[in-house]
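> Dumping the structure here so I can ask a few things about it.
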Amino acid sequence: MHLQRDGVLPDDRIPDVQLERTRSPEHGDFASNIAMKLAKRVGMAPRELAELIIERVPKSRQVERMEIAGPGFINIFLQRCALTGVIRDALRHGDKYGRLRRPGRNRITVEFVSANPTGPLHVGHGRGAAYGASLASILTAAGYSVQREYYVNDNGRQMDILAVCVWLRYLELCGERVSFPDNGYRGDYIYDIARIVRADHGDKWRFTGFDVSDGLPPGVNEGGDGEVYLDALIERARELLGDAGYAIFFDTACGNILDDIKDDLADFGVRFDTWFSERELEQTGAVQHAIDRLRENGHLYEKDGAIWFRASDLGDEKDRVIVRENGRTTYFASDIAYFLNKLERGFETALYVFGADHHGYVARLRAAALGMGEDPDRLEIQLVQFAVLYRFGEKVAMSTRSGQFITLRELRDEVGTDAARFFYVMRSHDQHLDFDLDLAKSRSNENPVYYIQYAHARICSVFRNLEETDQRHNREIGNVALDLLEEDHELALMRTISRFPETIESAARLRAPHLLAHYLHALATDLHSYYNAHQFLVKEENLRNARLNLVQATRTVLRNGLALLGVSAPEEM
RNA sequence: GCCCUCGUAGCUCAGUCGGAUAGAGCAACCGCCUCCUAAGCGGUAGGUCACACGUUCGAAUCGUGUCGAGGGCGCCA
């Protein structure tokens with residue numbers, strides 16, 4: 001500002017200037033590229049301008065010195081007191097350390113998993129679950145008001161197929177010979193549900209194999225169109241069972257699978273605030289409400305007996321059917337209604353976590369937001385790339401209907417919740433994830449989660465050992481003596497601790513929990529190095545307490561960070 | 001064909017708003033427990049950031065093109 005007044009710098013706003021963390025301590029704590037950015041406009045050499053800037057920057061007690069380096073960076077070295085302050089902060093705030101106060105932050109709803117209740121969750125769902133849960137926790141820590149929601153798809157054709165498959169298995173259990181379609185749900189859990197129906201209702205819904213299949217078109221087993229066959233089978237089931245009987249198979253299947261999913265997620269440390277039913281959406285008139293909105297805005301037209309949404313005018317690649325020729329609304333109509341419903345429930349931002357196979361939704365939903373006259377920036381979609389499983393070095397093929405899949409539950413049993421949660425989010429979510437089952441099962445030390453947990457356990461162990469002596473940890477003495485911490489390992493550890501709040505901020509802003517995972521690994525590395533290089537429980541009281549304060553602050557950050565990722569922080573290993 | 005996400009060490013991956021000598025883990029090699037947990041630490045070696053051109057003080061990062069990988073393109077859900 002002073003330089004602007006003196007006419008050295010132009011009056012207009014200074015653009016694009018950065019003050020950032022340095023990569024190496026020899027460049028100080030922070031660095032600015034301001035001189036290089038402005039040098040050309042001012043007609044000076046960058047280093048020359050940097051010198052002028054340093055002269056004019058007001059002195060601060062936190063800053064030890066500033067240096068000019070390289071092509072014209074201004075490196076800023078902080079006083080040690082600026083660093084030791086983070087230890088006091090961490091100890092004072094405890095399990096709240098890292099939570100950011102950002103009063104202006106929005107209410108945000110995060111929808112994730114939302115798997116159809118047609119079978120148990122598999123390892124592909126696991127990644128979305130781990131990512132969504134961690135992201136929601138991080139957003140909460142960053143000051144957002146977060147709601148976690150699961151969209152229960154209890155209304156579609158897939159659910160009808162499921163109900164029919166349960167019925168067929170039920171008939172088998174009754175002793176009927178029925179042909180089971182290869183493109184149906186073939187998992188063993190279908191028998192389990194059929195057994196429940198049979199236990200409750202006996203043979204009440206029993207029909208002969210002939211009644212079931214008489215007059216139906218050839219199925220996929222006979223070389224026919226499998227989907228046509230399934231639709232015919234659904235119709236046959238409705239005829240034979242009637243509304244009440246059909247509902248028993250449908251509701252038993254949906255209810256049991258959903259309960260199973262809920263238990264599974266709870267055991268995985270994944271919690272939801274709302275389970276939102278698609279059926280409810282339709283029954284409350286929300287779908288009609290959204291369609292009306294599009295019609296009012298002039299985005300609908302009729303063609304071939306169906307009602308279309310002119311999405312191609314709003315950035316989508318083609319127009320979309322909203323109401324089919326047969327009068328039923330499409331799945332897309334429900335999606336639109338659901339989005340509008342989220343906004344009307346008072347969320348400024350609706351964040352969707354989708355599998356990468358849903359990326360076609362992005363343009364479509366955005367077009368819908370525009371068509372309804374809503375701000376499309378309130379819609380945010382994060383795509384999670386697939387986790388590809390490897391067993392014996394080969395890709396494992398997976399398909400829900402065939403019943404050939406590794407369930408999330410199996411994965412948890414094999415590698416543990418902690419390892420699974422961490423493993424899923426340690427890579428960027430927009431990156432494909434190779435999940436080596438054999439490696440994960442081998443319980444080897446290669447999983448970095450153990451490395452981080454071990455750092456935490458080691459610190460706990462230090463405090464246990466302290467208790468066995470006559471010495472006690474005195475936090476006040478330690479806080480006064482923090483200036484005694486001048487070893488390189490100690491300074492490095494403090495620098496890393498001080499990055500925790502900004503790591504949460506970055507992870508929240510970029511929707512990137514993996515940044516936190518990497519941060520925790522770096523913190524554990526600093527701790528392990530320090531542990532090996534120096535003894536904490538030294539005789540000298542002041543130094544001992546200062547070091548204990550430092551490692552306790554480290555433990556706090558490890559624990560808080562792991563909690564955000566849904567990973568436990570064991571006290572001993 | 002069109003669209004999306006990508007291509008970084010032998011393998012799996014980080015690399016934030018364009019910044020200084022591109023970093024971890026695993027695998028390989030050499031060391032470190034009389035000492036708070038060796039699930040640890042220190043060191044060595046390993047790179048044409050797929051390729052080409054462009055933008056600029058400066059490109060792994062931005063733009064265009066080529067090659068390669070995975071995915072998506074229904075009046076299915």
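Take the first sequence: its position 78, counted from the start at 1, is 78 in our numbering, and no numbers get skipped. By construction, the Cβ of each residue, glycine as well, lies at the ideal position given by its N, Cα and C atoms.
1) Could you please give the first and the last residue of the uninterrupted alpha helix (DSSP H) stretch that includes Tyr150?
2) Closest to Glu278 by C-alpha separation, out of Arg378, Lys342 and Ser213, would be which residue?
3) Starting from Asn75 and walking both ways along the beta strand (DSSP E), at which residues does that stretch end?
4) With burial defined as no fewer than 16 other Cβ atoms inside 10 Å of the residue's Cβ, what is the status of Tyr530: buried or exposed?
5) On a CA-only basis, which of Leu527, Leu49 and Val164 is nearest Val586? Give me that one, please.
6) What residues match up with Gly355 in a beta bridge as DSSP calls it?
7) Measuring alpha carbon to alpha carbon, tell me which residue in Leu171, Asp154 and Thr140 is nearest Thr118.
8) Buried or exposed, going by whether 16 or more other CB atoms sit within 10 Å of the CB of Tyr331?
9) Of the choices Glu476, Gly566 and Thr503, whose alpha-carbon is the least far from that of Arg547?
10) Kindly identify the DSSP beta-bridge partner or partners of Asp436.
11) Suppose you measure from the CA of Ala507 to the CA of Leu515; what does that come to, to the nearest Å?
12) Helix, strand or coil: which one does DSSP assign to Phe500?
13) Buried or exposed: which applies to Gly94, given that a residue is buried once 16 or more other Cβ atoms fall within 10 Å of its Cβ?
14) Is Tyr97 helix, strand or coil by DSSP?
15) Identify which residue in Ile196, Arg511 and Ile452 has its Cα closest to the Cα of Ile257.
16) What did DSSP end up calling Lys40 once you bin it into helix, strand or coil?
17) Give me whichever residues DSSP pairs with Ala199 in a beta bridge.
18) According to DSSP, is Glu55 helix, strand or coil?
19) To the nearest angstrom, report how far apart Thr349 and Phe207 are at their CA atoms.
20) For Ala306, does the three-state DSSP call read helix, strand or coil?
21) If I'm right that Gln62 touches Leu78 with Cβ under 8 Å, what's the distance once you round it to whole angstroms?
22) Can you tell which of Leu523, His489, Leu265 and Leu383 has the C-alpha that lies nearest to the C-alpha of Phe536?
23) Given a cut-off of 9 Å, decide if Asp319 and Arg310 are closer than it, judged by their beta-carbon atoms.
24) How big is the Cα-Cα spacing for Asn560 and Ala553?
25) Does DSSP put Ala569 in a helix, in a strand, or in coil?
26) Select from Ala333, Glu317 and Asp316 the residue whose C-alpha is nearest the C-alpha of Arg324.
27) Could you give the DSSP three-state label for Tyr301: helix, strand or coil?
28) Bridge partners for His122 per DSSP, in chain order?
29) CB-CB under 7 Å to Asn221, same chain, minus the five flanking residues each way: which ones, in chain order?
30) Under the three-state reduction of DSSP, which class applies to Thr274: helix, strand or coil?
31) If you measure between the beta carbons of Ser496 and Ala522, is that distance less than 9 Å?
32) Helix, strand or coil: how does DSSP classify Tyr48 here?
33) Would the segment 223 to 235 and the segment 286 to 295 be scored as touching if the rule is three or more Cβ pairs under 8 Å?
34) May I have the straight-line CA-CA distance separating Val449 from Tyr424, to the nearest angstrom?
35) With distances taken between CB atoms, is the gap from Val353 to Val384 smaller than 9 Å?
36) What residue range is occupied by the uninterrupted alpha helix (DSSP H) comprising Arg464?
By the coordinates alone:
1) Element bounds for Tyr150: not the alpha helix (DSSP H) but the beta strand (DSSP E), Ser145 to Val152.
2) In this structure, Lys342 is the residue among Arg378, Lys342 and Ser213 with its C-alpha nearest to the C-alpha of Glu278.
3) Taken as a continuous stretch (DSSP letters only), the beta strand (DSSP E) holding Asn75 covers Phe73 to Leu78.
4) Buried, because 16 or more other Cβ atoms sit within 10 Å of the Cβ of Tyr530.
5) Because the chain spans 1 through 573 in this model, residue 586 falls outside it and cannot be assessed.
6) Its beta-bridge partners are Val384.
7) The shortest Cα separation from Thr118 among Leu171, Asp154 and Thr140 belongs to Asp154.
8) Counting Cβ neighbours within 10 Å, Tyr331 comes out exposed, since fewer than 16 surround it.
9) Relative to the Cα of Arg547, the nearest Cα in the group Glu476, Gly566 and Thr503 belongs to Glu476.
10) DSSP lists Tyr390 as partners of Asp436.
11) Cα-Cα distance, rounded: 6 Å.
12) Assignment of Phe500 by DSSP, reduced to helix, strand and coil, places it in the helix class.
13) The Cβ neighbour count for Gly94, taken over all protein chains shown within 10 Å, is under 16; the residue is labelled exposed.
14) Three-state result, Tyr97: coil.
15) Ranking Ile196, Arg511 and Ile452 by Cα distance to Ile257 puts Ile196 first.
16) The answer is helix: DSSP assigns Lys40 an H, G or I state.
17) Looking at the DSSP assignment, Ala199 forms no beta bridge with any residue, so it has no partner.
18) In the three-state reduction of the DSSP assignment, Glu55 falls in the helix class.
19) The alpha-carbon atoms of Thr349 and Phe207 are separated by roughly 51 Å.
20) Reduced to three states, the DSSP call for Ala306 is strand.
21) Indeed, because the Cβ distance is near 6 Å, the residues count as touching under 8 Å.
22) Taking only the C-alpha atoms, the option nearest Phe536 is His489.
23) The answer is yes: Cβ separation under 9 Å.
24) If I take the Cα positions, the gap works out to 11 Å.
25) In the three-state scheme derived from DSSP, where H, G and I count as helix and E and B as strand, Ala569 is classed as coil.
26) When each option's Cα is compared against that of Arg324, the closest is Ala333.
27) Strand at Tyr301.
28) Residue pairing by DSSP puts His122 in a beta bridge opposite Thr407.
29) Within the same chain, Asn221 has close Cβ partners Ser179, Pro181 and Asp182.
30) Annotated three-state conformation of Thr274 is strand, per DSSP.
31) For the record, residue 496 in the displayed sequence is Thr; it is not Ser. Contact flag set, yes.
32) According to the sequence provided, residue 48 is Glu. The question's Tyr does not apply to it. Helix at Glu48.
33) Segment contact: the segment 223 to 235 against the segment 286 to 295, fewer than three CB-CB distances shorter than 8 Å; contact not assigned.
34) Distance between the alpha carbons of Val449 and Tyr424: 11 Å.
35) The Cβ-Cβ distance between Val353 and Val384 falls below 9 Å.
36) It spans Pro448 to Glu467 - the alpha helix (DSSP H) in which Arg464 sits, taken as one unbroken run.
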